[in-house]
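Notes for the one structure printed next.
Residue numbers (the working numbering): 5 to 158.
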């Protein structure tokens, strides 16, 4: 019987970078005085690489953050764009939620992590307003040396 080998799996969004995204996103939230945040970083396959929930964050915030990130990954655009493009298309959003087993939140706060124009993961944040969540996601992604595909104010 031949000897089997174990091969490493390619990792495009390493744990160290995911943790850097989280720490920078949380720091941005604290700097701006936002409510306690929950941050989920997912790889391009939709698996959680890292997650952190600040003290005082609600107990459903992880699922909301994960749904924002999963939506961004699933459609290849930010969760804000998903919601904005589909206003008045409730049947489509309902079908999408069904197809995603309910793990889909079409409001700002789910942002793709881009490297050289390719999505290697996504960040989802929940805890404050959706705009604040998105601001922190973009800050975390940029601090880790990636792009978000979202224009930020100067």
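The beta-carbon is built from N, C-alpha and C at its ideal position, and this holds for glycine as well.
By the 16-neighbour rule on beta-carbons within 10 angstroms, residue 24 is buried. Taken in chain order, the complete alpha helix (DSSP H) segments of 4 residues or longer contained in the region 14 to 66 are 19 to 35.
DSSP places residue 83 inside the alpha helix (DSSP H), whose first and last residues are 83 to 89. In this structure, the beta-carbon distance from residue 108 to residue 74 falls below 9 Å. In the three-state reduction of the DSSP assignment, residue 99 falls in the helix class, which pools H, G and I. Scanning its chain for C-beta atoms nearer than 6 Å, with the 5 sequence neighbours on each side dropped, one finds around residue 77 the residues 50 and 126, in chain order.
Looking at the DSSP output, residue 117 bridges to 125.
Distance from the CA of residue 41 to the CA of residue 10, rounded to the nearest whole angstrom, comes to 38 Å. CA-CA distance, residue 27 to residue 20, rounds to 11 Å.
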